[in-house]
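To start, the structure under review is shown below, and the notes come after it.
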Amino acid sequence: GEASLHNWVYNSIELVVAWLVEVAFGSDGEIANSFHRNDFKQMIAIVRSGTMLSIPPSLKVEPTFLPSKGFSLQQGEDIILGGIDPHTHLAMEFMGTVTIDDFFSGQAAALAGGTTMHIDFVIPVNGSLSAGFETYLGKAKRSCMDYGFHMAITKWDETVSKEMEIMVKEKGINSFKFFLAYKGSLMINDELLLEGFKKCKSLGALAMVHAENGDAVFEGQKRMIELGITGPEGHALSRPPVLEGEATARAIRLAGFVNTPLYIVHVMSIDAMEEIAEARKSGQRVIGEPVASGLVLDDSGLWDPDFTTAAKQELASLSLSLNYFLFFIICLFVMSPPIRAPGHGKALQAGLSTGILQLVGTDHCAFNSTQKAFGIDDFRKIPNGVNGIEERMHLVWDTMVESGQISVTDYVRLTSTECARIFNIYPRKGAILPGSDADIIILNPNSSFEISATSHHSRSDTNVFEGRRGKGKVEVTISGGRVVWENGQLKVAPGSGNYVEMPPFGYLFGGIDKADAEYLSSLRAPVKRFKATT
Ligand code: URP
Ligand code: ZN
Ligand code: ZN
Ligand code: ZN
């Protein structure tokens, strides 16, 4: 009513005045020293006035708050950096269909879950990188939050090599993904992988790999079909952890041979993580990215007789056969590499808390139930992928911070800062510093969340985290200075998101040239000795 409007205006003016007084007099008051909720209301008031698109230079941030100086945010202080999801697939044409979340719905879901930027994978069009790039810019026209692009490399020739250079030097792409799986579509062989690694290195672009042995997966699929296992349980059986471990090890060794940094996407198994740990111990620059689904889900339900019982009960209300219903549920969880047996997720969590793995993504690649059901009679036709873009921040908080495995400081690093550093957009992103984009969330550690397809913002009619509850709730999301999520309401505008160009030669490339020089001189020494004696 009129009174509440009056109150709101009054309060806002009061807050703005308080802020302006602080700014004008350079006060070392509350705002300058900490980010408690009440102080932040002032910032929100400024944001509402539409004047703060980035952190104002006048804002003095307590030094201990800065990531570069240790970032000693304590639990209970609930102002957190907006999340950056390094791995998503919005509006991707894949396995005969298109992922159900486009750049608007997927980003709206992200914002509702406290993520304020994501990096999606451009898929080339008939092998053409520039055509792929243009296509994705078109897909992203209705964006409502900031985004960047990685790019997949699916074939190799002079044109691809030239185009990689254009993408890096002119289009703001600084990372390329190579698929060692998906034989017959996206998969590439070792020769191409080596060419790609060399090119990446020369451009200062980060090489990323989907690490599963695609030839062996193909063999595994044949084996399952021959055994008569055509249902969705065949998916995981056909591509066990050993195939992920093998491809991870191979990619790491080849990247080491070329001496270029490597980023392993969606690390799903202990097998893969062990390879990353070994390489890092030996000094190799390898980044490991687990995803929300791999961290918190496992496949135990699928082999559990209770699961069948539960399904039977649900079936009473549906006119489906038990097998069909069971298969249908299992289809929903199909992604590659597969969600593993109990134990892998816990190990990946430990990997994150001890620094073996460096950041958390989602691989958000959502389909609805009718799309998932394409492959109910042949697991090879189930579109691969699960959701996570909206759930990641909550799941990581609940699983890692609430359980005491990591500090709030670690949380900010794993969900935002490290991604910004790796992809060379820090401190515009990944920091609350003067000049940084105002991508900020209020996460209330005393509130709780519950995940359901009935309340999520993805377009999918299912959610692999259905029914999960936990502590910590993103109550406000500020994206580029605008309050876009508050009181359970999204206020997003199509077209308001910006493409974030990512420059090459991020921190992972520091010193690579010196190591190469060392290597060359180690080669020349014996050559010289040999020449001297002949
Ligand atoms: O199953 C998955 N992961 N789908 C998305 C494509 C990919 O491999 O990242
Ligand atoms: Zn305070
Ligand atoms: Zn992948
Ligand atoms: Zn992916």
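76 is the number of the first residue of the sequence shown in mature numbering (1 follows the signal peptide of the UniProt record, and there is no 0); add one for each residue after it. For each residue, glycine too, the CB sits at the ideal point set by N, CA and C.
If you look at Asn-519, you'll find it isn't in any alpha helix (DSSP H); it sits in the beta strand (DSSP E) that goes 515 to 525. Sixteen is the threshold: since fewer than 16 other Cβ atoms of the shown chains lie within 10 Å of the Cβ of Val-602, the residue is exposed.
If you ignore the 5 residues before and after Lys-606, its C-beta comes within less than 6 angstroms of no other C-beta in its own chain. Classified as exposed, Pro-417 has fewer than 16 neighbouring CB atoms from the shown chains inside 10 Å of its CB. Secondary structure of Trp-472 (DSSP, three-state): helix. Excluding residues up to 5 positions away in sequence, Met-192, Gly-572, Asn-573, Val-575 lie with their Cβ nearer than 6 angstroms to the Cβ of Asp-221 in the same chain. One residue list follows from the rule of a beta carbon closer than 6 angstroms to any heavy atom of ligand 3, given in chain order as His-285, Val-340, His-341. Between the region 464 to 475 and the region 402 to 419, the count of Cβ pairs shorter than 8 angstroms is below three; the stretches do not touch. Contact between Gly-420 and Leu-372 holds: CB atoms are separated by about 7 angstroms, below the 8 angstroms threshold. Distance from Arg-328 to Ser-313 at the Cβ level is roughly 25 angstroms; contact not present, criterion being Cβ atoms closer than 8 angstroms. The three-state secondary structure of Ile-300, taken from DSSP, is helix. For Ala-280, the closest alpha carbon among the candidates Gly-247, Pro-161, Leu-204, Ala-592 is that of Gly-247. In the DSSP assignment, Leu-434 falls outside any beta strand (DSSP E), carrying neither H nor E. According to the DSSP assignment, Asp-346 belongs to the alpha helix (DSSP H) that extends over 345 to 356. The distance from the Cβ of Ile-507 to that of Leu-156 is about 6 angstroms, consistent with a contact at the 8 angstroms cut-off. Contact annotation: Asp-290 and Arg-534 have beta-carbon atoms that are not nearer than 7 angstroms.
Counted as a single uninterrupted DSSP element, the alpha helix (DSSP H) harbouring His-310 occupies residues 308 to 313. For Arg-496, the closest C-alpha among the options Gly-563, Met-577, Phe-179 is that of Met-577. C-alpha of Thr-174 to C-alpha of Ser-444: approximately 12 angstroms in a straight line. Distance from the C-beta of Gly-460 to the nearest heavy atom of ligand 1 is below 6 angstroms. Around the beta carbon of Leu-432, a 10 Å sphere encloses 16 or more other beta carbons of the protein chains shown; the residue is thus reported as buried. Spanning the alpha carbons of Met-468 and Gly-158 requires a straight line of approximately 7 angstroms. The region 267 to 285 makes no contact with the region 305 to 319; the number of CB pairs closer than 8 angstroms stays below 3. His-193 has Asp-160, Tyr-222 as its beta-bridge partners, per DSSP. Between Leu-583 and Arg-325, the C-beta spacing is not below 7 angstroms. Counting C-beta pairs closer than 8 angstroms gives three or more between the region 519 to 535 and the region 435 to 443, which meets the contact rule.
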